[in-house]
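In our numbering, the protein residues as written are 688 to 928.
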Amino acid sequence: MVHPLGENVDTVEGKPHRSGGRPTREDAAALDSLVLTAARRVFCESGYTKASMDQVAAAIGGSKLTIYRRYRSKSALLEALVDHDLARLVATMSQPSESGDPLRALRAGAQALFEFSIEPENICFSTFLLAEARLMGDLREKFEQWERIALGPLESLIREAQALQQLRAGASAPILSVLVDLINGSAQRMRSYRGDIFDGLMPADYFAARWDVFIRAMVPANNREDYQHLPIMASLESRTR
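This is how it looks when you write it as structure tokens:
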């Protein structure tokens with residue numbers, strides 16, 4: 688077999704035994720995935736300053752040279768990890784709506800962002816990035832760029848919906864901020880270790896309830912019923928009476 692570190696190996700008691708050889712494209716991709724997964728864990732556990740390429744190499748059972756062959760520095764490794772996550776998120780958020788309706792596509796994209804944001808490993812990594820960005824000017828600038836890339840598909844859909852008068856007129860950025868603030872509440876609660884993160888709802892219903900709030904605030908009254916989930920909101924309202 689070919690070990691992800693790029694050599695033909697046999698396993699002895701679960702450990703790779705190297706016998707030389709050139710890695711295939713699949714092996715290289717497997718190694719990249721292994722390195723990025725290990726790097727995520729090291730950054731989250733140690734922070735950027737204390738994290739080292741040695742720690743990442745140890746986590747994958749390889750050498751530091753293996754890491755440096757792919758990533759010239761620790762900052763390059765961090766950027767590669769963020770780029771990998773961004774590509775995965777943007778691809779999910781950019782799926783076209785089957786109906787060609789930008790507001791329905793906006794809902795699907797917002798739900799993809801919500802589901803991504805509540806994955807435990809993404810909570811850990813985003814908490815690390817936010818904390819480090821407050822301390823490091825260079826990282827803060829990159830973080831702002833990454834955020835613009837991540838939210839770009841949603842803002843484009845907002846503009847498309849505005850062009851069709853599905854959303855209220857005006858600058859798209861404030862509308863995007865309202866949407867992101869509504870759906871990111873659960874992630875904020877997870878970062879602060881608060882209980883009852885989803886207000887007693889299933890995650891999908893929690894998202895749907897917040898989408899309804901967005902619709903009530905941003906969609907003209909004559910269009911709202913087509914985009915709301917009224918049974919969920921009625922259930923929430925009955926709890927507060």
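The C-beta atom is built at its ideal place from N, Cα and C for all residues, glycine as well. Nothing here was measured: the structure is a model prediction, and the numbers come from that model.
Is the beta carbon of residue i sitting closer than 9 Å to the one on residue j?
i      : j      : result
LEU851 : LEU790 : yes
GLN782 : ALA792 : yes
GLU802 : PRO861 : no
LEU826 : LEU866 : no
LEU776 : ILE870 : no
THR753 : VAL729 : no
GLU808 : ARG903 : no
Looking only at C-alpha atoms, which of the options sits nearest to residue i?
i      : options                        : result
ALA744 : ARG876, GLN798, LEU764         : LEU764
ALA717 : ILE747, SER733, THR736, LYS737 : ILE747
ARG835 : ILE902, ASP770, GLN853         : ASP770
ASP868 : ALA848, VAL900, ASP886         : VAL900
THR837 : MET823, GLY872, ALA797         : Position check: residue 837 holds Ala in this sequence, whereas Thr was assumed. The shortest C-alpha separation from ALA837 is found at ALA797.
LEU816 : ALA874, CYS731, ALA715, ALA725 : CYS731
THR736 : ALA778, GLU806, GLY749, MET823 : MET823
ASP772 : ALA715, PHE830, SER859, GLU847 : PHE830
Suppose you measure from the CA of residue i to the CA of residue j; what does that come to, to the nearest Å?
i      : j      : result
ARG897 : ASP741 : 44 Å
TRP833 : ASN909 : 36 Å
ILE884 : ARG876 : 6 Å
GLY787 : LEU844 : 11 Å
GLU766 : ARG794 : 29 Å
GLU819 : SER720 : 23 Å
SER739 : LYS761 : 7 Å
ARG759 : LEU768 : 13 Å
ARG757 : ALA856 : 47 Å
SER864 : THR711 : 44 Å
PHE812 : VAL906 : 34 Å
SER804 : ILE810 : 6 Å
GLU694 : THR724 : Low confidence applies to GLU694: its pLDDT is 41, below 50, so where it sits in the model is not reliable enough to give any reading.
THR779 : THR814 : 22 Å
Q: Return the chain-ordered ranges of every alpha helix (DSSP H) run that is complete within the stretch 774-848 and spans a minimum of 4 residues.
A: If we require 4 residues or more, the alpha helix (DSSP H) runs fully inside the stretch 774-848 come out as 789-804, 807-822.
(Q) If we require 4 or more residues per run, which alpha helix (DSSP H) segments fall completely within the stretch 713-786? (A) 740-747, 751-755, 761-780
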